[in-house]
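What follows is a short report on a single structure.
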Amino acid sequence: GILIKDAATLEKLHKVNTVVVDKTGTITKGKPELVHVQNLSKLSDEKLISLLATLESKSEHPIAHAVLEYAKAKGSSLLPLSHFEIIKGKGLRATIENTEYFAGNTKLISDLHLAFDLSKIESETMQGKTPVILAIKDDVLGVVMVADAIKPEAIQAVKDLHQLGIKIVMLTGDHKNTALAIAKQVGIDDVVAEVLPDDKLSKIKELQNQGRVVAMAGDGINDAPALAQADVGIAMGTGADVAIETAGM
Ligand code: ADP
Ligand code: MG
37 GILIKDAATL EKLHKVNTVV VDKTGTITKG KPELVHVQNL SKLSDEKLIS
87 LLATLESKSE HPIAHAVLEY AKAKGSSLLP LSHFEIIKGK GLRATIENTE
137 YFAGNTKLIS DLHLAFDLSK IESETMQGKT PVILAIKDDV LGVVMVADAI
187 KPEAIQAVKD LHQLGIKIVM LTGDHKNTAL AIAKQVGIDD VVAEVLPDDK
237 LSKIKELQNQ GRVVAMAGDG INDAPALAQA DVGIAMGTGA DVAIETAGM
């Protein structure tokens with residue numbers, strides 16, 4: 037089930053001594069589920085989910101699918117939205133019913149200078165769950181937690197690579213606690229978390245400058261530049277078209 041695009045890729049592959057992996061969709065299944073809602077507002081839970089699902093309805097991130105599936109199961113309806121915008125590596129924003137809403141990670145919330153008590157999410161991020169925070173410009177409305185199961189075969193793959201003496205680094209835009217928890221479950225000891233898409237590329241360059249021969253495995257649009265920079269790019273068959281096009285395997 038492995039497609040190798042050209043002989044050069046195959047030749048380079050046996051020289052690889054460092055494998056960089058993305059988390060979501062590469063080490064995990066990439067099909068997260070919404071597992072917990074913390075409503076911190078005066079809104080009803082229904083309204084909170086409806087607002088969040090409306091924002092996520094324009095996103096293609098796996099998180100968006102988790103939110104929309106949950107909203108659908110709850111029979112929640114989507115609202116009209118305008119001014120939708122993706123905030124790279126952090127989340128998204130849009131206007132609904134004349135109010136601007138934001139959904140995303142803790143970086144987004146600190147960019148907005150909103151007070152948010154991180155202890156509210158700590159125990160769940162330590163279990164490998166990802167927080168999605170819904171906010172308006174001066175208040176946090178709620179947090180939902182999203183959980184993505186690891187691919188069972190990832191554990192063996194990491195073991196096999198380690199046995200070959202290959203260094204494995206996980207590179208992800210996700211929360212640090214979440215990334216560390218997932219990495220621990222599969223046996224990866226080197227983690228770079230909360231990286232913006234452009235920084236994935238620089239991290240590959242940095243490893244190459246240290247003299248390492250790097251293979252990068254990923255599935256997302258945001259992985260494509262890093263896949264192109266790596267000595268060998270490996271895209272998941274389930275990944276975004278641009279990732280598959282960019283990779284040699
Ligand atoms: P990754 O593929 O590692 O998740 P991204 O750059 O796509 O990297 O996203 C980085 C982080 O930004 C995510 O882990 C998530 O916290 C947040 N984020 C991205 N897109 C969304 C979204 N649609 N809804 C909520 N949060 C998002
Ligand atoms: Mg991914």
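Under this note's numbering, the first residue of the sequence shown is numbered 37, with each subsequent residue one higher. Each residue gets a CB set at the ideal place from its N, CA and C atoms; glycine is no exception. Because the structure is a prediction, the values reported are computed rather than measured.
Note down the Cα distance separating residue i from residue j, rounded to an integer number of angstroms.
| i | j | result |
| --- | --- | --- |
| Asp174 | Gly269 | 42 Å |
| Val234 | Gly256 | Rather than Val, the amino acid found at residue 234 in this sequence is Asp. Using only the alpha carbons, I get a separation of about 13 Å. |
| Val182 | Lys48 | 37 Å |
| Met162 | Lys212 | 9 Å |
| Leu117 | Ala130 | 7 Å |
| Thr135 | Leu148 | 15 Å |
| Gly247 | Ser113 | 53 Å |
| Ala43 | His50 | 12 Å |
Is any heavy atom of the ligand ATP found at a distance shorter than 7 Å from the C-beta of residue i?
| i | result |
| --- | --- |
| Val222 | Although the ligand ATP was asked about, the structure shown includes only the ligand ADP and the ligand MG as ligands. |
Taking only three categories from DSSP, how would you classify residue i?
| i | result |
| --- | --- |
| His149 | coil |
| Thr161 | helix |
| Leu79 | coil |
| Thr214 | helix |
| Gln246 | coil |
| Pro167 | strand |
| Leu232 | coil |
| Ala130 | strand |
| Ala107 | helix |
| Ala260 | helix |
| Thr274 | coil |
Apart from the five residues on each side of it in sequence, which residues of its chain come closer than 6 Å, Cβ to Cβ, to residue i?
| i | result |
| --- | --- |
| Thr64 | Asp184, Ile186 |
| Ala107 | Ile85, Ala89 |
Hey, would you say the C-beta of residue i is under 7 Å away from at least one heavy atom of the ligand ADP?
| i | result |
| --- | --- |
| Val168 | yes |
| Asn53 | no |
| His97 | yes |
| Leu84 | no |
For residue i, collect the residues of the same chain with a Cβ closer than 8 Å to its Cβ; drop the 5 residues on either side in sequence, then sort them by chain order.
| i | result |
| --- | --- |
| Val194 | Ile204, Val222, Gly223, Ile224 |
| Asn75 | Asp81, Leu84, Leu177, Gly178 |
| Leu87 | Leu79, Leu115, Ile132, Tyr137, Leu170, Leu177 |
| Thr274 | Gly61, Gly66, Asp255 |
Mind checking whether the beta-carbon of residue i lies closer than 7 Å to any heavy atom of the ligand MG?
| i | result |
| --- | --- |
| Asp58 | yes |
| Asp259 | yes |
If you drop the 5 nearest sequence neighbours on each side, which residues of the same chain put their C-beta closer than 7 Å to that of residue i?
| i | result |
| --- | --- |
| Gln265 | Leu237, Ile240, Lys241 |
Q: Count the CB pairs spanning the segment 37-48 and the segment 134-146 that are closer than 8 Å, and state whether there are at least three.
A: no
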